[in-house]
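Right, one structure below, let's go through it.
Protein chains: 2
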Amino acid sequence: MAKQIGDKSLQKLTNLHRPHKELINLMPLQTGSMLTEDAKKALVEFGDGYSICDFCQGSLWNITNPPIREFVQDLLPKFLGCEVAALTYGARDGIFMVMHSLAEPGDSVIVDGNRHYTTVVSAERAGLDVIDVASSGYPEFRIEVNDFIPLIKKHNPKLILLTYPDGNYGNLPDAKRLGEIAQEYDIPYIVNGAYAVGRMPVNMEDLGADFIVGSGHKSMASAGPSGVLGMRRRWESKVLRKSQTYDNKEIELLGCSLRGVPLVTLMASFPSVAERIQHWDEQVSKAQWFSGELEKLGFRQLGEIPHRHDLLHFETPMLYDISKHVRERGYFLYKELKERGIWGPQPGLTKTFKASTFAANEEQLKFVIDSFKAILSKYS
Amino acid sequence: MAKQIGDKSLQKLTNLHRPHKELINLMPLQTGSMLTEDAKKALVEFGDGYSICDFCQGSLWNITNPPIREFVQDLLPKFLGCEVAALTYGARDGIFMVMHSLAEPGDSVIVDGNRHYTTVVSAERAGLDVIDVASSGYPEFRIEVNDFIPLIKKHNPKLILLTYPDGNYGNLPDAKRLGEIAQEYDIPYIVNGAYAVGRMPVNMEDLGADFIVGSGHKSMASAGPSGVLGMRRRWESKVLRKSQTYDNKEIELLGCSLRGVPLVTLMASFPSVAERIQHWDEQVSKAQWFSGELEKLGFRQLGEIPHRHDLLHFETPMLYDISKHVRERGYFLYKELKERGIWGPQPGLTKTFKASTFAANEEQLKFVIDSFKAILSKYS
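These protein sequences, in sequence, are chains A and B.
Those letters in the first sequence? Residues 1027 to 1406, per the working numbering, in order.
Those letters in the second sequence? Residues 1027 to 1406, per the working numbering, in order.
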């Protein structure tokens, strides 16, 4: 076996390293999920497979050591503003669970046009038709939630979904107004809060939603894969329906759902996550200031202005112009930034890039701004 | 928020500890998933959410740094003896993916009567009827694979599944013969190797199977949740079918499937796992010797004798008798063993218990045997 595989291939696996450690991190996927010190310790403590199951009596969410029961049954519902909470492998898995439970193949769901690709793939997996509510398009890509109304009337969907905020522009549509619409037309309403839950205050009940999904590995300082799903009590018997053969096992969770080390990091980071969302105003100010400074350099911020989220998307034609004339092509930007200790824009991209200011402090962001200045002047 | 939740609840989460560290571990769920030193390092290196996605270009299995592409597209297929490999959240998730892809609600699947509960729950999630092939019953609970034939003829199933070995008795039915039957009747055949893949040599092609699932957090020295799925090339376009909207995203994987730290531990432990399966004969000898010694104490081993797997199930009426007369009731055994540095039998159980000899060496097992002797004589 080992011979057939080859020692060289095996050797590579024994010493895995990440090249982007300790850099100033602007990568939107990553800025909300850096582990707290407590989570790093928990990671090692519960690293071995099934180690959180030591005291399982047949139901993961009833384990009291570590305190999974209190986390799932008390802390998470309070945090999400919902009646019942569940653990999932990620926001997408929560969306699929809900779609698969509430709709039949051939049914329709109406979603905002800025939805993450996984919303569409989840619907495909459940056999559902997806109808998009178009955004306002370039440059702000706003979602006007009243635009859901004619589509609801026309398609009689089984579910509506709003991405709050979306992962492309960081726009925050009027989720509360859509909650009123959902109630008026009596359509179950799911909020995809993968970029909200754990970063900013968000409360399912205040939004008038039936479901909310969050992502541990995107916004809750957790290792992946991990996610949360909140719902109204009335949906519990449907989405968390039990096996007819094993009455303590939820069908959509295949018995357990999230277990192991990502769950432990989600729990260990939770106190710090619950605290940090209270400083959201400062995060928004920081993002707006950073965006303004980059606009002074000639970058154009896409999405809502003034911006209300740390996820920013910039159009940068001057960087693209440079890429056409340098040996590294689009990769020059990644290289220039990495040399300065900055990681964020996807390697290869220069026409536009996304950046999140969530994890960097003002001093670091000043350094980022100065670095962009220096890069522009170096190649001008 | 923090106030609403209560400081005491939050405080508990900041210092999570596992009580069963450093004990002699006989817990069948855990003995195959203790992390290697390399995996422990990788855990910390890639702990932050999305950190393995630094160089993702839109397809997780094409990431070359860390070397996910080589792992999934080259090493795993060789290891599993299959043409195409996939990453999953666990064995159950692989089973559901296959069922959901190959069968329609109302279809039937035929499975061995020793199947894990997740086989049934996966089928329920996919809307399928489950037909069990009964075992021989007490005390050996053998599965005779020829018993699949009349049920195949009667029910025309979309899939047959064999648990190899099962997680209750550690029995190894004739998987190869079932492969011949599957080919004769042209029924797709899935081997649930959650307790095989990573512990013992097992090769999908040799067994004549169409699919094999394995569990990282059960038998591949990996953190959970993590699993692998191997298949014949002919099933790739069905099980790994792509989204119609996003042509690089697999529908059943919701785009990515397993990502994050469990994947990294699966990779980092792989060289050691590939090596350890070559010593399976020694594992079997050790299990047989241990079982024989416990039988000398009056315990009765259930399941196949001679046993061919490290997972053992004992009937222990004398321990049950003791439990009726002591203050701790069924928990006396857990307490007595823990005091001696041994962890394994589920707390509270004394009538029967399961134990795995996979992670303990002969000296440790001798100590376990002596401990049982001492416990029996203490209470006699």
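Heads up, the beta-carbon is just placed ideally off N, CA and C, and yes, glycines get one too.
All values reported here derive from a predicted model rather than from experimental measurement.
By the criterion of a C-beta distance shorter than 7 Å, Q1209 (chain B) is surrounded in its chain by G1234, once the five residues flanking it on both sides are discounted. Between the region 1267-1287 of chain B and the region 1187-1205 of chain B, the count of Cβ pairs shorter than 8 Å is below three; the stretches do not touch. Shown here, I1089 (chain B) sits in coil according to DSSP, grouped into three states, outside any helix or strand.
Residue nearest to R1259 (chain A) within the set A:A1111, A:T1189, A:W1087 is A:A1111 (criterion: CA-CA distance). Contact between the region 1069-1079 of chain B and the region 1239-1255 of chain A is present: three or more C-beta pairs spanning the two stretches fall below 8 Å. Here DSSP, grouped into helix, strand and coil, assigns R1267 (chain B) to coil. In this structure, the straight-line span from the alpha carbon of K1184 (chain B) to that of Y1215 (chain A) is close to 35 Å. Of the residues A:N1172, A:S1295, A:T1342, the one whose Cα lies closest to the Cα of A1068 (chain A) is A:S1295.
Between T1144 (chain B) and chain A, the shortest Cβ-Cβ separation is below 8 Å. Contact of C1079 (chain B) with chain A by beta-carbon distance below 7 Å involves L1055. Distance from the CA of H1046 (chain A) to the CA of D1155 (chain B), rounded to the nearest whole angstrom, comes to 49 Å. DSSP, read as helix, strand or coil, puts I1216 (chain B) in strand. In chain order, R1168 place their CB closer than 6 Å to the CB of S1162 (chain A), counting only its own chain and leaving out the 5 sequence neighbours on each side. Among the residues of chain B, none has a CB under 9 Å from the CB of G1139 (chain A); the nearest is roughly 13 Å distant. A distance below 6 Å between beta-carbons, with the five flanking residues on each side excluded, links A1220 (chain B) to the following residues of its chain, in chain order: A1117, S1241, K1244. Between F1122 (chain B) and chain A, the shortest Cβ-Cβ separation is below 8 Å.
Bounds of any beta strand (DSSP E) do not take in E1308 (chain B); it lies within the alpha helix (DSSP H) bounded by 1306-1322. Judged by DSSP in its simplified three-state form, L1187 (chain A) adopts strand. Collapsing the DSSP output to three states places D1100 (chain B) in a helix. When C-alpha distances from F1237 (chain B) are compared across B:L1338, B:E1109, B:S1148, B:Y1115, the shortest belongs to B:E1109. Scanning its chain for C-beta atoms nearer than 8 Å, with the 5 sequence neighbours on each side dropped, one finds around I1157 (chain A) the residues S1134, V1135, I1136, V1137, L1177, H1181, P1183, in chain order.
Residues are counted here when their Cβ sits less than 8 Å from a Cβ of chain A; for the region 1284-1301 of chain B these are L1284, R1285, G1286, V1287, P1288, V1290, T1291, M1293, A1294, F1296, P1297, A1300, E1301, given in chain order. Separation of L1320 (chain B) and P1343 (chain B) (C-alpha to C-alpha, rounded to the nearest whole angstrom) is 13 Å. Around the Cβ of N1051 (chain B), a 10 Å sphere holds 16 or more other Cβ atoms; the residue is buried.
Annotated three-state conformation of T1057 (chain B) is coil, per DSSP. Exposed is the label assigned to N1172 (chain A), since fewer than 16 other Cβ atoms lie within 10 Å of its Cβ.
Of all C-beta pairs linking the region 1085-1102 of chain B to the region 1032-1047 of chain A, three or more are shorter than 8 Å, placing the two stretches in contact.
Judged by DSSP secondary structure, I1157 (chain A) falls within the beta strand (DSSP E) whose first and last residues are 1155-1159. For a cut-off of 8 Å, the C-beta gap from Q1314 (chain B) to H1339 (chain B) is around 14 Å, too long to register as a contact. Note on geometry: alpha-carbon atoms of V1394 (chain B) and Q1056 (chain A) lie some 46 Å from one another.
Residues are counted here when their Cβ sits less than 8 Å from a Cβ of chain A; for the region 1034-1050 of chain B these are S1035, L1036, Q1037, K1038, L1039, T1040, N1041, L1042, H1043, R1044, P1045, H1046, K1047, given in chain order. In the DSSP assignment, the residues bridged to K1380 (chain B) are B:H1339. Shown here is that no member of the region 1324-1341 of chain A has a Cβ falling below 8 Å from a Cβ of chain B. In chain order, F1379 place their CB closer than 7 Å to the CB of Q1372 (chain A), counting only its own chain and leaving out the 5 sequence neighbours on each side. Rounded to whole angstroms, the separation of the alpha carbons of K1364 (chain A) and S1298 (chain A) is 29 Å. Here A1112 (chain A) carries a strand assignment [DSSP, helix/strand/coil].
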